[in-house]
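Before any comments, here is the structure.
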Amino acid sequence: MISRAAASEAPLVHRFRAMGGPCELRLYGAHALAAARAAQAEVERLEAKFSRYRADSLAARINASAGDAAGVEVDAETARLLDYAETAWRESGGRFDLTSGILRRAWNFKAARLPSRDEVAALLPLIGWDKLVWRAPHLVLPRAGMELDFGGYVKEYAADLAAAKCRELGVRHGLVDLGGDLAVIGPHPDGRPWRVGVRDPRAPERALLHLALTGGGVATSGDYERCMIVDGVRYGHILDPRSGWPVAGLASVTVTAGACLLAGTLTTSAMLRGVHGGAWLDALGAASVWVDAEGRVGGALARPARASTKRAAPRATRAAPLP
Amino acid sequence: MRDKQQQRARTLRRAAERACARDARRGRGTLAILTTSALALIPGLAEQAAAQSAENGWSLQYGYSMYSEGSVPASKVSAGSRDRYDIDTHQFKLAVPIGSHISLGFDVGYEKMTGASPWLIEPDLAGKPMVVMTGASIADARTDFLGSVSFIGEKSRTSLTGGASIEDDYTSINFGFGREKDFNQKATTFSWGVGFSTDESDPESTSFTPTPSKHTKKSGTFSFGLAQVIDRASVAQTSLTLQYADGYLSDPYKLVSAGGVNLKDHRPGTRTQIAWLTRYRRHFERVRGSLHADYQFNWDTWGTIANGIELGWHQELFELFELAPSIRYYTQSDADFYAPYFAAGLSADQSASSDYRLSPYGAIAFKLRADVDVSSLVKLPHARIGMQYEHYQSGKEFALGKVGTENPALVDFDVMMVTLMTGF
Amino acid sequence: MRALKLAWLLGLCAGASACQHVEPWERNLLARPDMAWEVDDLAATQENHTYFSKEAAMPGGGVGGGGCGCN
Chain V
2 MISRAAASEA
12 PLVHRFRAMG
22 GPCELRLYGA
32 HALAAARAAQ
42 AEVERLEAKF
52 SRYRADSLAA
62 RINASAGDAA
72 GVEVDAETAR
82 LLDYAETAWR
92 ESGGRFDLTS
102 GILRRAWNFK
112 AARLPSRDEV
122 AALLPLIGWD
132 KLVWRAPHLV
142 LPRAGMELDF
152 GGYVKEYAAD
162 LAAAKCRELG
172 VRHGLVDLGG
182 DLAVIGPHPD
192 GRPWRVGVRD
202 PRAPERALLH
212 LALTGGGVAT
222 SGDYERCMIV
232 DGVRYGHILD
242 PRSGWPVAGL
252 ASVTVTAGAC
262 LLAGTLTTSA
272 MLRGVHGGAW
282 LDALGAASVW
292 VDAEGRVGGA
302 LARPARASTK
312 RAAPRATRAA
322 PLP
Chain R
-2 MRDKQQQRAR
8 TLRRAAERAC
18 ARDARRGRGT
28 LAILTTSALA
38 LIPGLAEQAA
48 AQSAENGWSL
58 QYGYSMYSEG
68 SVPASKVSAG
78 SRDRYDIDTH
88 QFKLAVPIGS
98 HISLGFDVGY
108 EKMTGASPWL
118 IEPDLAGKPM
128 VVMTGASIAD
138 ARTDFLGSVS
148 FIGEKSRTSL
158 TGGASIEDDY
168 TSINFGFGRE
178 KDFNQKATTF
188 SWGVGFSTDE
198 SDPESTSFTP
208 TPSKHTKKSG
218 TFSFGLAQVI
228 DRASVAQTSL
238 TLQYADGYLS
248 DPYKLVSAGG
258 VNLKDHRPGT
268 RTQIAWLTRY
278 RRHFERVRGS
288 LHADYQFNWD
298 TWGTIANGIE
308 LGWHQELFEL
318 FELAPSIRYY
328 TQSDADFYAP
338 YFAAGLSADQ
348 SASSDYRLSP
358 YGAIAFKLRA
368 DVDVSSLVKL
378 PHARIGMQYE
388 HYQSGKEFAL
398 GKVGTENPAL
408 VDFDVMMVTL
418 MTGF
Chain H
38 MRALKLAWLL
48 GLCAGASACQ
58 HVEPWERNLL
68 ARPDMAWEVD
78 DLAATQENHT
88 YFSKEAAMPG
98 GGVGGGGCGC
108 N
């Protein structure tokens, strides 16, 4: 679906569905159309490669090797993604963990059924990055039943790669939006920043505040999308790989960083720290805005608006400069 | 293929480590480490990080060098001390950012010289030129200061400099203006600059100088150059520098032997010089080494033409060590008014010099340099220790053209240097 | 003089046309410290000063600092 507004100043808007959500590219310039097609192809390539739902994907091949001591040999891109995952696992104190996906075998949010302690405990021996043998390019999932789930960061990575692809093809001004994960190619041609609303988790139709972006990436994690209430207790879908049980505390976190991938890793890791997530981001010096379960708003991006959180005035914030 | 990708990742990580040092120091280690790891994954991120790290930061450098000239062989000396110059140099360099677009620079150098220097050349009974050295050891010191203000724009840099070099008997004051502008998404950089210097020499009254008196000299320099990114792994730069000097350009401490009489070194009152420098850098990813190639051509109105070429290889080892051997070859023709000595005598006001620096010769220098990253040891950002050794040898046998008589005062020297560097 | 300038300009043009377009984000190798024009500013200053005081040629590459007695 391609539409181009009449005014020559308007960007090309290219929409498609991928990675389980709506995607939108807004690109300026003569190369916009070619870049949009290439960027979409890039996103689709990554989806095909890392989706665990596709039997022919690399992710499926890796997971099929679980229990086989010979393991699998992976390509360079996957190796770099695995290296990154290892770093993120270490830096998040073991919270950001690609092996935690199998907890969904016990936690079925659609059925709203609480798993037994034994059910969860039975999965824990199959969870933990440290249980893998990863020596590039060789990956071994030593125990049958182990799985890697790239879903935790491939969408953010895809947003960055799509933006890089557009730049490579000559686009200097544009924005990549993959289901809420954003990568900025460059500001509007006149230098104006992209204005991006951060959704208020307590009233999703309303913007909590607006970010003004000229570069870098933005990612958001929320606990409001999926949850279940059993016996009056709310169980969110943010599951701690170390215990197998949900972590509560934060309703939503948005982070701006030098790349969407970085922003996504930070939001995920912060959510997994529960009530301490916001303080953790602040301590890192990350540019974030978070809303906790009690509705308190915090983070470096929200600070001037803290006094009146009901209708935060739009303010200009740059994506966090790279360290 | 895989090796190449790993190397790329490693290179990127190195760049990132530099870029991330600031945040790591502020306890923002996690962010820095994640960024480093992401650099290997996302094209363009490394460039952004490099751009961020290249932004206005502070730096502090200290250098110490020991320069030592070889003594003159007894067979070439007719009188005076055979021990030539030893120079110890201390240098400090500080850059401080004021806001994000202004940088202040302060450089101070101090050098202490001891030893004897060539005074004049006279023929022995067989007509062979012999050098007469100054007798007792001369001790002198030179201090130089340089202050600069740079205005750093997104695509251009402008700087103003002012400096002075002070010795007991020589003072030089200089001013400069320089501007650099980027084109082509910073693939091309054009630079130009002008400089002005005014010097005053006040030779001490010694037995070596017949009639000491104050002399002045003024010079103006204009330079322009172009740097260009050639491909992913190579860059080149070429620049032309023109200098015009007017005033007392002779050496008050040197004499010439003319028809058995010793006269003052006497050079023309003006000199125009051109230096054309071309530099090339290429990185070889596979071996993680970089080639440095520099070529310089010089020409002046005194009749000297010089060619210099320097080739160096910078090899990265174990990610924090760098070893760089290099070789420099230099050759020059003599000035029109140069002769080791003037057998027939000289007419009044005729230019004449027997300075070995204006004689025809060639030189070869071998250098070895090592750089070690010590950031983690000393807990300072981008802390580096550089060590360099150079051996320089000159003679008529190295000259490009055929040289009849070699100046007996030609110099060989060794330099040891240590630099300590830190900064964001 | 004139011939020199002409040769320089010709060299430039030939050089420029041989250049590949390198995107800013592909310049990570060029940003390496060992790809700098001078790996060590102080060592370069020192070297230039030494050559300047021992050889007839003046250092190129820009407008330098002050002179000296240079015995």
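Residue numbers (our numbering), protein chains in the order written: chain V, 2 to 324; chain R, -2 to 421; chain H, 38 to 108. The beta-carbon is built from N, C-alpha and C at its ideal position, and this holds for glycine as well.
For Gly97 of chain H against Gln385 of chain R, the beta-carbon gap comes to about 21 angstroms, at or over 8 angstroms, which does not count as contact.
By the neighbour-count criterion, in which a residue is buried when 16 or more other Cβ atoms sit within 10 angstroms of its Cβ, Gly300 of chain V is buried. Under a 10 Å Cβ-count criterion, Val253 of chain R is classified as buried, with 16 or more other Cβ atoms of the shown protein chains found around its own Cβ. For the stretch 171 to 216 of chain V, not one full-length alpha helix (DSSP H) segment reaches 4 residues or more. Closer than 9 angstroms at the C-beta level to chain R, one finds these residues of the stretch 80 to 94 of chain H: Ala80, Thr82, Gln83, Glu84, His86, Thr87, Tyr88, Ser90, Lys91, Glu92, Ala93, Ala94.
Here Thr238 of chain R carries a strand assignment [DSSP, helix/strand/coil]. With 16 or more other Cβ atoms from the protein chains shown falling within 10 Å of its own Cβ, Gln329 of chain R counts as buried. DSSP places Ile239 of chain V in the coil class of the three-state scheme, outside both helix and strand. Just measuring C-alpha positions, the residue of R:Ala113, R:Ala233, R:Asp331 sitting nearest Ser351 of chain R is R:Asp331. By the criterion of at least three beta-carbon pairs nearer than 8 angstroms, the stretch 178 to 186 of chain V is in contact with the stretch 243 to 263 of chain V. Apart from the 5 residues on each side of it in sequence, Ala81 of chain H sits with its Cβ closer than 7 angstroms to the Cβ of Glu75 in its chain, given in chain order. In the DSSP assignment, His289 of chain R falls within the unbroken beta strand (DSSP E) covering 286 to 297. With respect to the 7 angstroms criterion, Phe172 of chain R and Ile99 of chain R are not classified as neighbours on the basis of their beta carbons. Interface annotation, Met130 of chain R: not in contact with chain H, CB-CB separation never under 7 angstroms. Shown here, His139 of chain V sits in a strand according to DSSP, grouped into three states.
In chain order, Phe97, Asp98, Trp130 place their CB closer than 6 angstroms to the CB of Trp90 of chain V, counting only its own chain and leaving out the 5 sequence neighbours on each side. The contact set of Glu92 of chain V on chain R, defined by CB atoms closer than 7 angstroms, consists of Thr27, Ile30, Leu31 in chain order.
The CB of Val191 of chain R comes closer than 7 angstroms to the CB of Val100 in chain H, given here in chain order. The Cβ atoms of Leu143 of chain R and Asp83 of chain R do not sit closer than 7 angstroms to each other. Going by DSSP, Asn304 of chain R is part of the beta strand (DSSP E) stretching over 302 to 314. Rounded to the nearest whole angstrom, the C-alpha separation of Lys364 of chain R and Gly60 of chain R is 17 angstroms.
Chain H has no Cβ within less than 7 angstroms of the Cβ of Val258 of chain R.
Annotated as proximal: Thr255 of chain V and Val290 of chain V, with beta-carbon spacing under 7 angstroms.
Per DSSP, reduced to three states, the secondary structure at Gly359 of chain R is strand. Across the set R:Ser348, R:Phe193, R:Leu320, the C-alpha of R:Leu320 shows the shortest separation from the C-alpha of Val369 of chain R.
The Cβ-Cβ distance between Tyr29 of chain V and Pro190 of chain V falls below 7 angstroms.
At least 7 angstroms separates the beta-carbon of Phe51 of chain V from that of Ala39 of chain V. Under the DSSP assignment, Thr111 of chain R falls in the beta strand (DSSP E) whose first and last residues are 99 to 112. Shown here, Asp331 of chain R sits in coil according to DSSP, grouped into three states, outside any helix or strand. For Gly279 of chain V, the uninterrupted alpha helix (DSSP H) run begins and ends at 278 to 285, by DSSP. Under the three-state reduction of DSSP, Val73 of chain V is assigned to strand. With a threshold of 7 angstroms between beta carbons, Ala303 of chain R makes contact with chain H. Straight across, the Cα-Cα distance linking Pro12 of chain V with His32 of chain V is about 11 angstroms. Contact between the stretch 187 to 202 of chain R and the stretch 163 to 177 of chain R is present, with at least three C-beta pairs closer than 8 angstroms.
Counting along the chain, the unbroken alpha helix (DSSP H) around His86 of chain H starts and ends at 78 to 91. Residues of chain H whose Cβ lies closer than 8 angstroms to the Cβ of Ala332 of chain R are, in chain order, Ala93.
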